[in-house]
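There are 2 protein chains.
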Amino acid sequence: MAITIYDVAEEANVSMATVSRVVNGNPNVKPETRKKVLAVIERLGYRPNAVARGLASKKTTTIGVIVPDASKTFYAELSRGIADIATMYEYNIILSNSDKRQDREVELLEDHLGKQVDGIIFMSDSITPQLREEMRRANVPIVLAGTLDAEKEFPTVNMEYEEAAYLATKKLIENGHSNLAFVSGPFTRDINRLCKKVGFEKAHEEAGFAVNPEFILETDNTYDDAYNHWCEMLERDNAPTAILVSNDELAVGILNAIRDNKFSVPDDFEIICFEHSLLARAVRPQLTSVVIPLYDLGAVSMRLLTKLMNKEEVEEDKVMLPYRVEWRASTKEKNPLA
Amino acid sequence: MAITIYDVAEEANVSMATVSRVVNGNPNVKPETRKKVLAVIERLGYRPNAVARGLASKKTTTIGVIVPDASKTFYAELSRGIADIATMYEYNIILSNSDKRQDREVELLEDHLGKQVDGIIFMSDSITPQLREEMRRANVPIVLAGTLDAEKEFPTVNMEYEEAAYLATKKLIENGHSNLAFVSGPFTRDINRLCKKVGFEKAHEEAGFAVNPEFILETDNTYDDAYNHWCEMLERDNAPTAILVSNDELAVGILNAIRDNKFSVPDDFEIICFEHSLLARAVRPQLTSVVIPLYDLGAVSMRLLTKLMNKEEVEEDKVMLPYRVEWRASTKEKNPLA
DNA sequence: ATGAAAGCGCTAACAC
DNA sequence: GTGTTAGCGCTTTCAT
């Protein structure tokens, strides 16, 4: 049996209440007593039982993080931002992968709530009505990170994907292209369908020419799928000459398809993508990218969550983080966005 | 106040013991009663409190995972393997980053133990004596994943890095090289210093020529550091012509240094690296790699941990997973290792 | 400054 | 098959 607060109390000739005070840094303890208790704690190797503490205090200093797939760099980076701030505020993290399955998401939400987490950071492709319902029922704060909440109902930390897509597309158009493609991950992801794609379209609209629906490519978000899609594209005689890509991995697939087929980037094709992970810097030419502030998305989400858990006043719980564009060699001109 | 088992009991006109039985799937409940209770649970939206359950049962169905940096693909992949098997056995995961700081590792171990995790999976560059002491004191099983335990004291799941390094180096020597380099991450990582480096040296010994200590390069494990190191190397007139590299990221740094300086891989330099993440496939030429079975390392570790937590008989708690070599274009011949 | 005692919500004997 | 009851190891009033 492990050492309990009771053992310490007995050994130190004080009540368990006093031991509890010492452990919790309550100032109402005579320095002498504190010292004595601390010595016993050390000697006995007492380690407070967080589960008992959680039951008594109704706080677990643990938060839940639900993420589509923590092994993807996108979410891995984001989670690291969460983790660092969580550490700073002394929270532990229960991390779960939903694999984007809505039933899993609901299950995990239930599961985390059952574990009495003090708050949840949630990432998902889309907040479905059922999920929304479930989230409303939660008795702890939930923050959406890098996730679109179409109803603007929950606290959210995100960036202006639509604007970024619009500006990037506009830049490509200014570079002389009139035949552009948008290669995306699944449109089940709201950010792809409702933000990036829309920005892409708006730039077209403004420029006065139409988006060719054949050149809106929905992939399964893998390197290989993008590679194959673009190999097929290259066989057409009207292949687009500029490409806005949803993320690094897809962009590298396209880049390699282009280069393996002896075409050149940026001479034959210009590419701008989202994310800018190491992958975008490691390939040649390096990829011009809208840099998604992944780490900060996570860090700010967690910071917001701490405030919510503390019931602090929060001036604004829909936060948009700034992004920047990293101009590299997959585009011809290295001018900043106008 | 949330709904408790007591509320359900009252509402269903049964005792809380019966509700507990229903919730826990105990067969000793009349089907009729079960149905009634289930209906009330549903109606009231009762959700069992896992903290209370944990206190009463002394099991939390939560395990701790301590990892140097979950945002690195290496550990992200590995953690995903852990997570999937954990889900399968209905465990939650508390995930923490140690950033390889020994004091943090000790702290986190204490912290997780305090949270009453049922077991721990630990990843680290090196098991120091203090850490070892701490791990011995733990009252729950601990499995080391992808981590060298020089004393072979704890359950471990890993692969034969030394052998792989030896075979890869041997292959490079067979390809005609006599001037080879080993570019490594920090030697504070046991696997680098005690396994890969040793394999590299053994192949030299066997071939009858000496390792040039100047060509054992210890980097800080970043793309940029490797890139810079190799740029300097290229200015020497005796630069090595074959390179064994500790991981993909470093290898890509070297590859780019070589190519940016107008040399060719594999004509001027041959490269074999460890890991084979997407990065190794995305660059041109693609990198010949010793494929580390990251996902499986995690999955097998977790499976082993479940057995240990269940106090099942385990035939062997030092597991070595098989690896394979992916022959790509950074080496001249694509023959399998003899 | 310290102690006594009542829970927190559940599990697990034990009794019927 | 079901109920009663004693904890699990803490926190937290409330006294003193």
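Each protein sequence line maps, in turn, to chains P and C. Numbering of the first sequence is given in UniProt numbering, commencing with residue 1 and proceeding in unit increments. Numbering of the second sequence is given in UniProt numbering, commencing with residue 1 and proceeding in unit increments. Virtual Cβ for every residue (Gly too), placed ideally from N, Cα, C.
Item checked: Proximal residues of chain P, C-beta to C-beta of C:Lys115 below 8 angstroms -> Within chain P, the residues whose beta carbon sits less than 8 angstroms from that of C:Lys115 are Ala50, Val51, Thr62 and Asn92, listed in sequence order.
Checklist line | Beta-carbon proximity list for P:Gly185, same chain, < 6 angstroms, skipping 5 on both sides | finding: Closer than 6 angstroms at Cβ, skipping near neighbours: Asn192, Asn221 and Ser246.
Next item on the list: Give the DSSP bridge partners of C:Glu326, in chain order.
Entry: Partner(s): C:Ser289.
Next item on the list: Identify the continuous alpha helix (DSSP H) that holds residue 339 of chain P and give its terminal residues.
Entry: Look at the range of chain P in this structure, 1 to 338, and you will see that residue 339 of chain P is not part of it.
Checklist line | Contacts around C:Phe209, its chain only, beta-carbon distance under 8 angstroms, and the 5 residues preceding and following it disregarded | finding: Ser178
Check: What three-state label does DSSP hand C:Gly114 in the structure shown?
Finding: helix
Checklist line | P:Met123, enclosing beta strand (DSSP E) - first and last residue | finding: Annotation: P:Met123 is outside any beta strand (DSSP E) and is labelled neither H nor E by DSSP.
Notebook entry, point to check: How many Å lie between P:Ala2 and C:Leu144 at the Cα?
Noted result: 24 angstroms
Item checked: Inter-residue CB distance, C:Leu297 and C:Leu321 (contact presumed, cutoff 8 angstroms) -> 6 angstroms
Item checked: Limits of the beta strand (DSSP E) - the one that C:Asn158 falls within -> Thr156 to Met159
Check: Can at least three beta-carbon pairs, one atom from the region 103-120 of chain C and one from the region 30-44 of chain C, be found at a separation below 8 angstroms?
Finding: At 8 angstroms Cβ cutoff, the stretches do not touch.
Check: In the DSSP assignment, what residue or residues form a beta bridge with P:Thr62?
Finding: P:Asn92
Next item on the list: Scan the region 121-139 of chain C for residues whose Cβ lies nearer than 8 angstroms to a Cβ of chain P and list them as they occur along the chain.
Entry: Within the region 121-139 of chain C, those residues whose Cβ lies closer than 8 angstroms to any Cβ of chain P are, in chain order, Arg137 and Asn139.
Check: How about C:Phe215 and C:Leu180: do their beta carbons lie closer than 8 angstroms?
Finding: Here C:Phe215 is near C:Leu180, since their CB atoms are less than 8 angstroms apart.
Next item on the list: Report the three-state DSSP secondary structure of P:Leu255 (helix, strand or coil).
Entry: helix
Check: Is DSSP giving C:Leu337 helix, strand or coil here?
Finding: In this prediction, C:Leu337 has a pLDDT of 48, which is less than 50 and means its spatial position is unreliable; what the coordinates show is noted afterwards. Three-state result, C:Leu337: coil.
Next item on the list: Check the Cβ-Cβ distances between C:Val143 and every residue of chain P, and say whether any is below 8 angstroms.
Entry: False, the Cβ-Cβ gap to chain P never drops below 8 angstroms.
Notebook entry, point to check: Between C:Lys318 and C:Thr156, which are expected to be in contact by the criterion C-beta below 8 angstroms, what is the C-beta distance as a whole number of angstroms?
Noted result: 5 angstroms
Next item on the list: Give the secondary structure of P:Gly199 by DSSP, where H, G and I count as helix, E and B as strand, and everything else as coil.
Entry: helix
Notebook entry, point to check: Helix, strand or coil: which one does DSSP assign to C:Glu105?
Noted result: helix
Item checked: Proximal residues, the region 260-292 of chain C versus chain P, C-beta separation under 9 angstroms -> Asp260, Leu278, Leu279, Arg281, Ala282, Val283 and Arg284
Margin query: Rounding to the nearest angstrom, what Cα-Cα distance links P:Leu55 and C:Lys59 in this structure?
Written below: 14 angstroms
Margin query: Beta-carbon within less than 6 angstroms of P:Gly119's beta-carbon, same chain only, minus the 5 sequence neighbours each way: which residues are those?
Written below: Ile63, Val140, Pro141, Leu305 and Met309
Note to self: Can you list, in chain order, the residues of its chain with a C-beta nearer than 6 angstroms to that of C:Pro240? Leave out the 5 residues immediately preceding and following it.
What the structure shows: Asn179, Leu180, Ala181 and Phe215
Check: What does C:Gly54 reach in chain P if we use C-beta pairs closer than 7 angstroms?
Finding: The contacting residues are Val51.
Next item on the list: Run the CB neighbour count on P:Val290, radius 10 Å, all protein chains shown included, and call it buried at 16 or more, exposed below.
Entry: P:Val290 is buried by the Cβ-count criterion.
Margin query: Please state the DSSP three-state secondary structure of C:Asn247.
Written below: Judged by DSSP in its simplified three-state form, C:Asn247 adopts coil rather than helix or strand.
Notebook entry, point to check: Between which two residues does the beta strand (DSSP E) carrying C:Lys318 extend?
Noted result: Lys318 to Leu321
Margin query: Counting only C-beta atoms, is C:Met320 closer than 8 angstroms to chain P at any point?
Written below: no
Notebook entry, point to check: Does the beta carbon of C:Leu95 sit closer than 8 angstroms to a beta carbon anywhere in chain P?
Noted result: yes
Item checked: Assumed close pair C:Glu272, C:Leu172 - CB separation to whole angstroms, cut-off 8 angstroms -> Correcting the residue identity first, residue 272 of chain C is Ile in this sequence and not Glu. At roughly 6 angstroms, the Cβ-Cβ gap stays under 8 angstroms, so C:Ile272 and C:Leu172 are in contact.
Next item on the list: With DSSP collapsed to three states, give me the class of P:Ala168.
Entry: helix
Note to self: What residue range does the alpha helix (DSSP H) around C:Ser57 cover?
What the structure shows: Ala50 to Ser57
Notebook entry, point to check: Which residues of chain P have a Cβ atom closer than 9 angstroms to the Cβ of C:Glu249, listed in chain order?
Noted result: Leu278 and Ala282
Margin query: Relative to the C-alpha of C:His204, which candidate in C:Glu232, C:Lys170 and C:Asp224 has its C-alpha closest?
Written below: Closest in C-alpha terms to C:His204, from the list C:Glu232, C:Lys170 and C:Asp224, comes C:Lys170.
Notebook entry, point to check: Helix, strand or coil for P:Ser15 per DSSP?
Noted result: coil
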